[in-house]
Structures are given as structure tokens and as C-alpha cells.
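Since the structure comes first, as C-alpha cells, the remarks are kept for the end.
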Amino acid sequence: MSRKNDKTNVMRLLEQHGIEYESLCYKETGMIAGDDVARALGEDPTLVFKTLVTVGKSGGHYVFLVPVSGELDLKKGAKAAGEKYIEMIKSRELLPLTGYIHGGCSPIGMKKQFPTFVDASARDMDFIYFSGGRIGYQVRVSPKDLGKIVPVEFAELV
């Protein structure tokens, strides 16, 4: 795994906002599943987050960051979003909606900024990992710094 790699739009946006980050590339492993990514990074799965996009009953879209070791509880997500219910968007809808493909979706740099919720477990962490905007790339960022570029709310999600 390399620590120096091509810059993604996520990395460029972090730099434009003066946000300190570390980029990691694991694309040579071919891994995409969250727990596999955590192993490729040599990190605790509670520090590695997946980006999930949902749609609510109202038709609004919401972004959730949850540890790869857990699953988004749709009831808790709906409560955080103020919706009666939410459901995962279909994989084929992800690219047109966000500009990202499955396995490379990041909360930073989406075509449109949607309300974004981060699992409360990240609130006091020094850093978390999440997609760098392409399959095989992760960024390590402080959750507080993430909130400087993407307005986030912390909520119990898993």
C-alpha cells in the first residue's frame, strides 16, 4: 500500500480548504468491501467509515458515514434526517446523483451537497478514514475538520 498517490478531487478540495489530511492508496489490492479496506489499511475497522446515500419519504437525499464494521440502522438514520423513513438509493442512481461510483463515494465533492450525518462514534476521534473519491483511495481526516468542508451532524446511526 502506498501513501503517495495521484490526487483525487477530494484531496484537492481538502487542500483548497486548508484541511490537514493523509491520503492512502490500496488500489493494487483490488479490495472494495469495507472490512477488507480496513485490513488493507492496517487499521481498526471502527476508524474506517463507509459513505452511504439514501432517499427519504419526502424525496430528499441524505449522506451517512458509518463504520465499516457496522450497518446503518435505517430507523436511526430517518430520525436523524427528520424523515418518516429512508432507504438506500439504487446503485445505478449513485453516479448521476453524486458523481461517484459504488466503492468510491466520498462525502466531499458530490455534485450537490446533501445533508450529511456521521455516526456519533466518530465525534471524539482524532481521525477517521473514508473514501478519497475513487476506488482504492482513502483519506484520513479529523471529523471536526470534515465538518469545516461539509456541514455534518453527529448522530447514533448503527
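Its first residue numbered 191, the sequence shown is counted upward by one per residue in the numbering used here.
Built from N, CA and C at the ideal position, the CB exists for glycine as well.
In this text, all values refer to a predicted model and were calculated from it rather than measured experimentally.
Have a look at G267 and E346 and give me their C-alpha separation to the nearest angstrom.
Rounded to the nearest angstrom, the two C-alpha atoms are 8 Å apart.
Do you know offhand how far L242's Cα is from V227's?
Approximately 16 Å, taken between the alpha carbons.
Would you check if the region 328-335 and the region 206-213 touch, i.e. whether three or more CB-CB distances between them fall below 8 Å?
In the pairwise beta carbon analysis, the region 206-213 is classified as touching the region 328-335: at least three pairs are separated by under 8 Å.
Could you pull the DSSP bridge partners for K278 from this structure?
Strictly speaking, residue 278 in this sequence is Met, with Lys absent from that position. The partner list for M278 (beta bridge, DSSP) reads T244.
Count the other C-beta atoms from every protein chain shown that fall within 10 angstroms of the C-beta of I291, then say buried if there are 16 or more, exposed otherwise.
exposed
In angstroms with no decimal places, state the Cα-to-Cα distance between D234 and S332.
16 Å
So, for L318: in the same chain, excluding its five sequence neighbours on each side, which residues have a beta-carbon less than 7 Å away from its beta-carbon?
A quick correction: the sequence has Ile, not Leu, at residue 318. Excluding residues within five positions, the ones whose Cβ falls inside 7 Å are L237, F239, A312, V331 and P333.
Can you list, in chain order, the residues of its chain with a C-beta nearer than 6 Å to that of S259? Leave out the 5 residues immediately preceding and following it.
P235 and T236
What does a CB cutoff of less than 6 Å around K194 pick up in its chain, not counting 5 residues either side in sequence?
Confidence at K194 is low in this model, with a pLDDT of 49, below 50, so the placement of that residue is unreliable and no value is reported for it.
Distance, Cα to Cα, S321 vs Y252?
One alpha carbon belongs to S321, the other to Y252, and they sit about 17 Å apart.
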